[in-house]
């Protein structure tokens with residue numbers, strides 16, 4: 001397997017083309033079992049970089065919250081890792097990362113090349129295909145075309161997640177540490193409410 005070149009089945013195309021369907025499938029199935037997707041090393045490194053950027057993004061959202069030291073405090077993990085708002089923002093950031101399409105369904109290993117993601121490219125556009133999970137059980141969710149309501153729910157989810165991530169904490173809860181407090185309940189709660197509503201409309 002090369003760095004940029006994929007590992008393809010080693011077959012004689014002329015002879016392979018003459019075989020029956022069963023004879024054609026056999027070397028392909030063996031190659032898939034032994035090698036897998038045959039992706040070059042560069043693609044695996046691409047995912048390693050993506051994971052690194054995910055961790056860096058979460059850390060930046062956490063430490064830039066008022067009271068946590070700003071960018072200068074990103075290396076002093078011991079001073080902020082146990083703050084309640086850090087856990088809250090990591091959860092919200094992970095939710096945003098996934099619903100935008102940068103999570104598990106991203107990139108060439110999911111047969112997404114250019115662009116390497118879906119989600120936000122389609123879910124903000126009316127009349128794209130949608131698959132409601134329980135159209136016969138949840139009212140107003142039937143149909144396979146995305147409606148303006150679906151788009152509005154998804155846009156509201158993105159908006160509330162971003163507002164929550166960029167907002168500072170409130171220290172009015174005694175159970176929170178006095179340094180930064182917790183996320184504002186209205187914004188984080190709205191994000192939690194928009195998520196299942198949007199999810200009930202489409203998978």
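Numbering (the numbering used here), first residue to last: 1 to 203.
Virtual Cβ for every residue (Gly too), placed ideally from N, Cα, C.
Because the structure is a prediction, the values reported are computed rather than measured.
* **Any 3 or more C-beta pairs closer than 8 Å across the stretch 49-62 and the stretch 82-96** => yes
* Output the boundary residues of the alpha helix (DSSP H) element that contains residue 45. => 41-63
* To do: Tell me whether residue 74 sits in a helix, a strand or coil according to DSSP, three-state version.
  => coil
* **residue 29 in three-state terms, based on DSSP** => helix
* Asked: Who are the Cβ neighbours of residue 57 in its own chain at under 7 Å, not counting the five residues just before and after it?
  -> 93
* 4-residue-minimum alpha helix (DSSP H) runs that sit fully inside the stretch 91-161, ordered along the chain -> 120-123
* Asked: Nearest to residue 123 by alpha carbon, out of 27, 159, 146, 3?
  -> 146
* To do: Look at residue 126 and residue 148 and say whether their C-beta atoms are less than 8 Å apart.
  => Contact annotation: residue 126 and residue 148 have beta-carbon atoms nearer than 8 Å.
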